[in-house]
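Participant: In the numbering used here, the protein residues as written are 21 to 378. Even for Gly, the Cβ is constructed at its ideal location relative to N, Cα and C. Remember, it's a predicted structure, so these values are computed and weren't measured experimentally.
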Amino acid sequence: MVKNKIFQYFFKEFFKLFLIISLSFSLLIWFTQAARLLELITEFGNPIQTYMKYLLFNYPKILDNTLLLSFIITLFFLYTKLQNEKEIDIYWLSGVSKITMYKISLLIGLIVLIFNIVLSNFLAPWSSYQGRMVLGKSKFTLLNALVKEKNFNSPLSGLTIYVESNDQRGNLKGIFIYDKLRSITAQTGKVLSDGNNSFLELYNGTTQEIAGNKINFINFNSTVFDFSKYQLKHTSYPKFNERNFNWLIKNLSNKSIPNERKQEIREEINSRILKPFLIIIITCLISFSLYSNDEKFNLKKLKIFIYILSIALLILNQILLGISGKNLNYTFGYAFFLIIFFLSINFLFIKFIKSESQ
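Shown next, in the form of structure tokens:
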């Protein structure tokens with residue numbers, strides 16, 4: 021009865037901390053990215069609604085990318101908390117062995133691993149693809165594209181716009197527009213819209229057009245510049261990390277895809293299927309923190325060493341993951357590394373814990 025309560029408490033504490041840390045970490049990066057992506061409005065002319073939808077669809081991908089680090093911090097913090105508050109001593113007095121605690125930690129790691137696989141294979145790719153569709157279907161809003169004054173903006177493909185001043189109501193001064201065949205300067209201008217498309221009415225300016233080997237100069241009192249023939253820079257064609265798993269597997273044998281791109285596909289597959297198993301290895305590694313004999317080892321130095329080694333393993337894994345996409349041999353090599361590392365850490369942990377009582 022007491023053991024069951026202890027197990028429930030351990031599970032509750034872990035997932036409470038994991039939820040707080042993973043959300044805090046991912047939301048911090050999400051807010052940072054939200055500030056950086058303001059260019060979708062200010063430079064590329066997307067409506068605010070499109071910007072907000074894209075941010076929401078982008079969050080699962082950020083959560084997926086930060087999940088492993090959040091798991092490391094959570095498990096390490098939990099072990100440290102239990103030891104500092106002497107709670108872990110209650111476990112030993114209640115007859116809960118360190119091997120049993122180790123098995124509980126592995127069970128928690130397995131639950132997080134399954135969640136990671138579901139997130140990286142289903143939710144994150146689907147959500148990222150939906151975000152790309154939102155951008156691909158968005159309508160160009162000229163007023164948003166001209167928010168930045170005294171700055172060369174390229175909101176549409178093949179078009180550059182410069183505005184000296186903008187009163188935020190569509191009244192502009194000092195306008196310069198350039199595309200491959202012509203450039204236009206105007207003293208003033210006004211943003212117009214018919215509900216679907218944006219136009220720019222220009223006053224008192226000059227158009228310079230290339231005609232063969234000549235440049236024609238045309239002065240005007242008033243003219244309308246139509247943006248409908250220009251396209252937004254966004255593409256609706258999904259990246260590999262936005263594709264579903266079945267598409268990735270089927271296209272490994274697609275002869276029309278060059279080998280360089282197939283390498284990216286294999287790397288993406290390995291990232292979704294093999295990389296999450298690093299969670300179990302990290303669980304084994306951090307479980308060395310359960311060691312409590314300060315006479316044989318300096319526990320503070322041991323904890324620092326475990327944490328540094330965990331971060332180093334993340335970096336090494338990322339390097340190996342990048343190499344694993346070259347061909348199947350490298351993929352098998354990456355999988356073999358994960359298996360051998362897990363078995364080695366597992367063996368060393370059991371031997372290490374047993375030596376504590378000797």
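Inspect the CB distances between the segment 256-267 and the segment 225-245 and report whether three or more fall short of 8 angstroms.
Facilitator: No: the two stretches stay apart, fewer than three of their Cβ pairs being nearer than 8 angstroms.
Participant: Please report the straight-line C-alpha distance between Ala54 and Leu43, rounded to a whole angstrom.
Facilitator: For the purposes of this step, residue 54 is taken as the residue at position 34 of the sequence shown. For the purposes of this step, residue 43 is taken as the residue at position 23 of the sequence shown. Computed Cα separation, rounded: 16 angstroms.
Participant: Applying the criterion that 16 or more other CB atoms from any shown protein chain within 10 Å of the CB defines a buried residue, is Leu48 buried or exposed?
Facilitator: Locating residue 48 in the sequence shown gives position 28, counting from the first residue. Exposed: under 16 other Cβ atoms inside 10 Å.
Participant: Can you check whether the CB of Tyr311 is closer than 9 angstroms to the CB of Ile373?
Facilitator: Position 353 of the sequence shown, counting from 1, holds the residue named residue 373. Position 291 of the sequence shown, counting from 1, holds the residue named residue 311. Yes, the Cβ-Cβ distance between Ile373 and Tyr311 is below 9 angstroms.
Participant: Out of Ser148, Asn171 and Leu89, state which residue places its alpha-carbon closest to the alpha-carbon of Val132.
Facilitator: In the sequence shown, residue 132 corresponds to position 112, counting from 1. Ranking Ser148, Asn171 and Leu89 by Cα distance to Val132 puts Leu89 first.
Participant: Among Glu280, Arg281 and Arg286, which residue has its Cα nearest to the Cα of Phe265?
Facilitator: Start at 1 with the first residue of the sequence shown, and residue 265 comes out as number 245. Of the listed residues, the one whose Cα sits closest to Phe265 is Arg286.
Participant: Quick check on the DSSP output: what are the complete alpha helix (DSSP H) runs of length 4 or more inside the segment 92-123, in order along the chain?
Facilitator: As far as the segment 92-123 is concerned, its whole alpha helix (DSSP H) runs of at least 4 residues are 107-113.
Participant: For Lys282, report the span of its alpha helix (DSSP H) as first-last.
Facilitator: The residue you call residue 282 lines up with position 262 of the sequence shown. Note, Lys282: alpha helix (DSSP H), Asn279 to Ile293.
Participant: Just to confirm the assignment, what range does the beta strand (DSSP E) spanning Asn191 have?
Facilitator: On the sequence shown, position 171 is the one that residue 191 refers to. Unbroken beta strand (DSSP E) run through Asn191: Asn191 to Tyr198.
Participant: Inspect the CB distances between the segment 92-105 and the segment 27-42 and report whether three or more fall short of 8 angstroms.
Facilitator: Yes, they touch.
Participant: Mind checking which residues open and close the beta strand (DSSP E) that includes Phe172?
Facilitator: In the sequence shown, residue 172 corresponds to position 152, counting from 1. Segment: none, Phe172 is in no beta strand (DSSP E) and carries neither H nor E.
Participant: Could you tell me the distance, in whole angstroms, from the CA atom of Asp109 to the CA atom of Gly129?
Facilitator: What you label residue 109 is simply residue 89 of the sequence shown in a count that begins at 1. What you label residue 129 is simply residue 109 of the sequence shown in a count that begins at 1. Their backbone Cα atoms lie some 22 angstroms apart in a straight line.
Participant: In this structure, does DSSP put Leu60 in helix, strand or coil?
Facilitator: In the sequence shown, residue 60 corresponds to position 40, counting from 1. Leu60: helix per DSSP, three-state reduction.
Participant: In terms of alpha-carbon separation, which member of Phe237, Ile359, Ile328 and Tyr122 lies closest to Leu201?
Facilitator: Along the sequence shown, read from residue 1 onward, the residue named residue 201 stands at position 181. Of Phe237, Ile359, Ile328 and Tyr122, the residue nearest in Cα terms is Phe237.
Participant: Run through DSSP, which three-state label would Asp246 get?
Facilitator: The residue you call residue 246 lines up with position 226 of the sequence shown. Strand.
Participant: Looking only at C-alpha atoms, which of Thr120, Thr52, Ile195 and Lys81 sits nearest to Phe142?
Facilitator: One-based indexing of the sequence shown puts residue 142 at position 122. Among Thr120, Thr52, Ile195 and Lys81, the Cα nearest to that of Phe142 is on Lys81.
Participant: How would you write the range of the beta strand (DSSP E) that Asn186 sits in, first residue to last?
Facilitator: Residue mapping note: residue 186 aligns to position 166 of the sequence shown, counting from 1. Its beta strand (DSSP E) spans residues Thr180 to Asn186.
Participant: Which value, in whole angstroms, describes the spacing of the CA atoms of Gly194 and Leu179?
Facilitator: Position 174 of the sequence shown, counted from the first residue, corresponds to residue 194. Position 159 of the sequence shown, counted from the first residue, corresponds to residue 179. Approximately 17 angstroms between the Cα atoms of the pair.
Participant: Which one of Glu284, Gln103, Tyr182 and Ser213 has the shortest CA to CA distance from Ala206?
Facilitator: The count along the sequence shown starts at 1 and reaches residue 206 at position 186. Comparing Cα-Cα distances from Ala206 to each of Glu284, Gln103, Tyr182 and Ser213, the minimum goes to Tyr182.
Participant: Looking only at its own chain, which residues have a Cβ that is under 8 angstroms from the Cβ of Leu139, when we skip the five neighbours before and after it?
Facilitator: Your numbering for residue 139 matches position 119 in the sequence shown. The answer, listed in chain order, is Pro80, Leu83, Asp84 and Leu87.
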